[in-house]
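> What follows is a structure written as structure tokens; I'll ask about it next.
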Amino acid sequence: MNALVFHAVKSPLVLEVRPALAPAAGEVVVQLRAAALNRRDYWITQGMYPGIAPPVVLGSDGAGVVVRTGEGVDATWLGREVIVNPGLDWGDSQAAQSTRFNILGLPRDGTFAQEVAVPAAQLHDRPPHLDWREAAALPLAGVTAYRAVFSQGGLRRGETVLITGIGGGVATFALQFAVAAGANVYVTSSSDEKLARAAALGARGGFNYRDDAWAKRAAAEMPAPNLIVDSAGGPGYASLITLAAPGGRIVNYGATAGPPEKLDLFKVFWKQLRLQGSTMGSPADFAAMLAFVNEHQLKPIVDRTFPLSEGNQALAQMQTSPQFGKYVLTIAPNL
Ligand SMILES: NC(=O)c1ccc[n+]([C@@H]2O[C@H](COP(=O)([O-])OP(=O)(O)OC[C@H]3O[C@@H](n4cnc5c(N)ncnc54)[C@H](OP(=O)(O)O)[C@@H]3O)[C@@H](O)[C@H]2O)c1
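The structure is reproduced here in structure tokens:
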């Protein structure tokens with residue numbers, strides 16, 4: 003089987019032929035139809051991720067068909083069309099992951115390959131309304147957005163939410179989820195075109211964060227947000243504290259722009275804000291996310307697809323983030 007293998011930081015992934023995978027006890031082998039990229043894959047190739055241990059097949063997201071089952075696995079999985087929950091060994095607490103938590107695609111070989119071996123407990127049926135590319139785009143970003151918006155963010159119908167950097171894979175899911183939940187959604191982006199695309203998906207307004215006066219405009223043009231969902235941090239974080247409604251929540255699942263330059267704790271306590279971290283999600287979050295996607299018939303936004311052999315080109319695109327939604331690698335021919 004072909005696999006796109008990470009050997010060294012800042013070196014291209016190498017397409018290699020590897021032996022077909024044999025499932026260990028409790029595991030299955032999924033023949034992948036499509037995989038999807040996450041910023042995590044890019045951070046790893048740049049050496050900006052903990053625990054880098056090459057060689058490893060990157061890729062946390064995949065969708066395909068179960069072709070082999072290991073000892074002790076229910077044989078009815080054979081032939082089923084599945085997606086894979088990439089969060090392994092979450093543990094027993096809904097509040098936070100265990101110290102054993104790890105993510106498919108480092109340290110364990112991931113989905114940028116024709117086959118992946120995973121514990122059977124990670125499998126879920128492919129949502130019937132999604133094609134292979136859409137199904138592959140869902141897992142990691144979908145569960146991260148779901149936990150940030152609902153499990154940690156506690157979003158309720160009628161509330162106002164601000165989602166930053168709307169071109170991001172997780173952010174586009176957060177937008178779709180919040181709109182489906184009946185919230186008033188506003189967004190930020192570095193691109194007016196992406197703001198227009200967000201409006202087409204139901205955002206009520208948007209602000210270009212490259213404009214120094216964006217936060218002043220936002221304060222004047224939108225209700226103060228009850229919930230802010232952010233993955234940038236950095237210098238712009240101070241504006242989020244200023245914009246949040248009294249009693250509001252700010253959920254961070256990333257810090258793409260680094261730590262906040264300043265954290266005005268006076269505003270935090272006087273406004274009774276809650277600053278909340280969030281990372282991917284528990285098995286319960288994943289199941290709830292899937293149920294929500296099925297109930298509302300939501301479709302992941304796939305910006306562009308590349309064949310597996312062009313995975314390096316897809317990763318290179320992530321340097322400047324021109325995307326709106328997800329990059330997908332097609333693995334099966336004629337997809
Ligand atoms: N904790 C977790 O479990 C978890 C899970 C997934 C992702 N993450 C982290 O979350 C971040 C986003 O991940 P992703 O996969 O959604 O990435 P992505 O699809 O590559 O999205 C990147 C987007 O981030 C936005 N952005 C960049 N700099 C920004 C800034 N200064 N202010 C506001 N927005 C900015 C841009 O939006 P515009 O193009 O609209 O400007 C860009 O398109 C990454 O840091 C990632 O490592 C964490």
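In terms of the working numbering, the sequence shown is numbered consecutively and its last residue is 337. Using N, Cα and C, we set each Cβ at its ideal position, and we do this for glycine too.
May I have a chain-ordered list of the beta strand (DSSP E) segments no shorter than 3 residues that lie completely inside the segment 105 to 132?
117 to 121 and 125 to 127
> Checking the sheet assignment: what are the DSSP bridge partners for residue 8?
Note: residue 8 sits in a beta bridge opposite 58.
> List the whole-angstrom C-beta distance separating residue 1 from residue 240, where the pair is believed to meet the contact cut-off of C-beta under 8 Å.
There is simply no residue 1 to check, as the chain begins at 3 and stops at 337 in what is shown.
> Taking 8 Å as the cut-off, decide whether the C-beta atoms of residue 32 and residue 53 are in contact.
no
> Do you know offhand how far residue 318's Cα is from residue 272's?
44 Å
> Following a CB-centred definition, is residue 291 positioned closer than 7 Å to any heavy atom of ligand 1?
no
> By DSSP, does residue 258 sit in helix, in strand, or in coil?
If DSSP states are grouped into helix, strand and coil, residue 258 belongs with coil.
> How long is the line joining the alpha carbons of residue 197 and residue 168, rounded to whole angstroms?
8 Å
> Residue 29 to residue 120, Cα distance in whole Å?
5 Å
> Taking 7 Å as the line, does the beta carbon of residue 90 fall inside it for any heavy atom of ligand 1?
no
> Considering only residues of the same chain and omitting the five flanking positions on each side of residue 39, which have a CB-CB separation below 6 Å?
Taken in chain order, the residues that qualify are 316 and 329.
> Which residues mark the beginning and the end of the alpha helix (DSSP H) in which residue 146 is found?
141 to 148
> Would you check if the distance between the CB atom of residue 115 and the CB atom of residue 128 is smaller than 8 Å?
no
> Pair every Cβ in the segment 11 to 20 with every Cβ in the segment 67 to 75, then say whether three or more of these pairs are closer than 8 Å.
no
> Quick check on residue 305: does DSSP put it in helix, strand or coil?
In the structure shown, the three-state DSSP call for residue 305 is strand.
> From residue 62 to residue 154, what does the alpha carbon distance come to, in whole angstroms?
22 Å
> Compute every distance between the C-beta of residue 172 and the non-hydrogen atoms of ligand 1, then say whether any falls below 7 Å.
yes
> Look at the alpha carbon of residue 298 and the alpha carbon of residue 182, and state the distance between them as a whole number of angstroms.
7 Å
> Give the range of the beta strand (DSSP E) segment to which residue 63 is assigned.
63 to 71
> Helix, strand or coil for residue 178? Go by DSSP, reduced to three states.
helix
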